[in-house]
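Report on one structure; see the data block that follows.
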Amino acid sequence: MAALVPGAGGRLVVADVARPVPGPGEVLVRVRCAGVNRADLAQRAGMYPPPPGVTDVLGLEVSGEIAELGPGLSWGEAADAEGASAAGAAGAVVLLPGERVCALLPGGGYAEYAVVPAALLMPVPAGWSLVEAAAWPEAAFTAFLNLFMEARLRPGERLLVHGGASGVGTMAIAMATAAGASVLATAGGPEKTSLCLQLGAEVAVDRHEESFAAVIAACVPPGVDVVLDIVGRAYFADNLEVLRPGGRLVVISTLGGAEVELDLRRLMAKRLHVIGSTLRGRPVAEKVEVKRALWNRFGPQLTAGSLKPVLDQVHPWRDADVAHERMRANRNAGKLVLELE
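Just so you know, the numbering used here puts the end of the sequence shown at 1041, numbered straight through with nothing missing.
Here you go:
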């Protein structure tokens, strides 16, 4: 099969590689579209290697059609955890040849075919394109996991989302707003702050022009209940400052540095919780729990189309370097997607 692999000068080029074979409880998916994530850029730079046993081919989310079943699976059943039948389970997929699906992957999405644990297959909601379906899994899983399972965000609470115009950020704003939370966001530039407001944020701070800590101190004096952070060190002190007593800081990336200095008395005085979280390396069973909870909570919105991802640009997969450079330069507002010919 064809896959994107590093070529001369580090550029991604199409090459012939062995087609993966689905193992027990796995499904082979004919990939039509693949979402682009910062993890792809980090892996290319040697900073985020795939988990043990996972292909080196980039790509953490795809959409396409079911092509082949591994041992232990049968056509016509609804697959859930470990390939067990789960007809009627939230987000379950009926295993039919050519059935449209989307999925979260540990790697391998930038290829004509990808192997997916059947438990992690999800249906493409009616009215969604395959481009939209490929842009959804990573952002939705990340936002839902960290807002509702890690931080336990509740209706009426205030949430601060950093990188509000990113794929995860846009989904976090939409989900939190739908769940009854009040959202504040940071983003870079007027176009991106405007997008955050359109998605439901009550306040959007241009990080190039204002201090988010100063804005929050002025407009929300008690502070916020939850901060979803992708920056790390550069925002750490201000994140603690804007949290109200009992607040929760969830760190999901370290784009602004990974090492911080911390006076533990700040945590103690305000009874703060600092939570570190990643998604890619979690066991399949944990990801299945996230999938079930996500579909149970937001299934109606997904079916209605109100939680579709925000799309920035769609590129032919041979132009993956163009998409990666756009993301590296922070020019995207929403998701970038690669479309296979």
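Quick reminder that beta carbons are idealized off the backbone N, C-alpha and C, glycines included.
Span of the beta strand (DSSP E), counted from its first residue to its last, around His1015: Along the sequence shown, read from residue 1 onward, the residue named residue 1015 stands at position 315. Counting along the chain, the beta strand (DSSP E) containing His1015 begins and ends at 1011-1016.
- prompt: Do Gly746 and Gly808 have their C-beta atoms closer together than 8 Å?
  reply: As a first step, residue 746 is located in the sequence shown; it is residue number 46 there, counting from the start. As a first step, residue 808 is located in the sequence shown; it is residue number 108 there, counting from the start. No, these two residues do not count as a Cβ contact at 8 Å.
- prompt: Is Gln898 buried or exposed, if buried means 16 or more other CB atoms sit within 10 Å of its CB?
  reply: Residue numbering aside, residue 898 sits at position 198 when the sequence shown is read from its first letter. Answer is exposed; the Cβ neighbour count stays below 16.
- request: Take every Cβ of the segment 949-957, pair it with every Cβ of the segment 922-938, and state whether three or more of those distances are shorter than 8 Å.
  value: yes
- request: Keeping to the same chain, check which residues put their C-beta closer than 6 Å to that of Pro825; ignore five residues upstream and five downstream.
  value: By one-based count along the sequence shown, residue 825 stands at place 125. So the list reads Leu1002, Thr1003, once near-sequence residues are dropped.
message: Within 10 Å of its beta-carbon, does Trp775 have 16 or more other beta-carbons around it, so buried, or fewer, so exposed?
response: Along the sequence shown, read from residue 1 onward, the residue named residue 775 stands at position 75. The residue is exposed, with fewer than 16 neighbouring Cβ atoms inside 10 Å.
- prompt: Roughly how many angstroms separate the alpha carbons of Ala914 and Arg744, rounded to a whole number?
  reply: Translated into positions along the sequence shown, residue 914 becomes position 214. Translated into positions along the sequence shown, residue 744 becomes position 44. Cα-Cα distance, rounded: 37 Å.
message: In the DSSP assignment, the alpha helix (DSSP H) including Lys970 goes from what residue to what residue?
response: Here the question's residue 970 lines up with position 270 in the sequence shown. Residues 964-970.
query: Whose C-beta lies closer than 6 Å to the C-beta of Leu895 among residues of the same chain, with five residues either side of it excluded?
result: Numbered from 1 along the sequence shown, position 195 holds the residue referred to as residue 895. These residues qualify, in order along the chain: Ala865, Ala1033.
query: Which residues in the same chain as Pro706 place their Cβ atom closer than 6 Å to its Cβ, once the five residues preceding and following it in sequence are excluded?
result: Taking the first residue of the sequence shown as 1, we reach residue 706 at position 6. For Pro706, where only same-chain residues beyond five positions count, there are no Cβ hits under 6 Å.
field: Simplified DSSP state of Asp716, which is helix, strand or coil
entry: Here residue 716 corresponds to residue number 16 of the sequence shown, with the count starting at 1. Note: Asp716 maps to strand in three-state DSSP.
task: For Gly869, count neighbouring C-beta atoms within 10 Å of its own C-beta (all shown protein chains included) and say buried if the count is 16 or more, exposed if not.
output: As a position in the sequence shown, residue 869 is number 169, starting the count at 1. Gly869 is buried by the Cβ-count criterion.
- request: Give me whichever residues DSSP pairs with Tyr813 in a beta bridge.
  value: The sequence position of residue 813 within the sequence shown is 113, counting from 1. Answer is Arg730, bridged to Tyr813.
message: Tell me whether the segment 960-977 and the segment 821-835 touch, counting them as touching only if at least three CB pairs, one residue from each stretch, are closer than 8 Å.
response: no
field: Closest residue to Thr755 among Asn737, Val717, Arg965, Gly770 (Cα-Cα distance)
entry: In the sequence shown, counting from the first residue as 1, residue 755 sits at position 55. Comparing Cα positions, the closest option is Val717.
task: Can you give me the Cβ contacts of Val645 inside the same chain, cut-off strictly under 7 Å, excluding the 5 residues immediately before and after it?
output: Past the edges of the chain, shown from 701 to 1041, lies residue 645, and the structure says nothing about it.
task: Please name the residue, chosen from Ala715, Gly735, Ile930, Ala803, that lies closest to Glu1039 on a Cα-to-Cα basis.
output: In the sequence shown, residue 1039 corresponds to position 339, counting from 1. In this structure, Gly735 is the residue among Ala715, Gly735, Ile930, Ala803 with its C-alpha nearest to the C-alpha of Glu1039.
task: May I have the straight-line CA-CA distance separating Leu940 from Asn996, to the nearest angstrom?
output: Looking up residue 940 in the sequence shown gives position 240. Looking up residue 996 in the sequence shown gives position 296. Straight-line Cα distance between these residues: approximately 32 Å.
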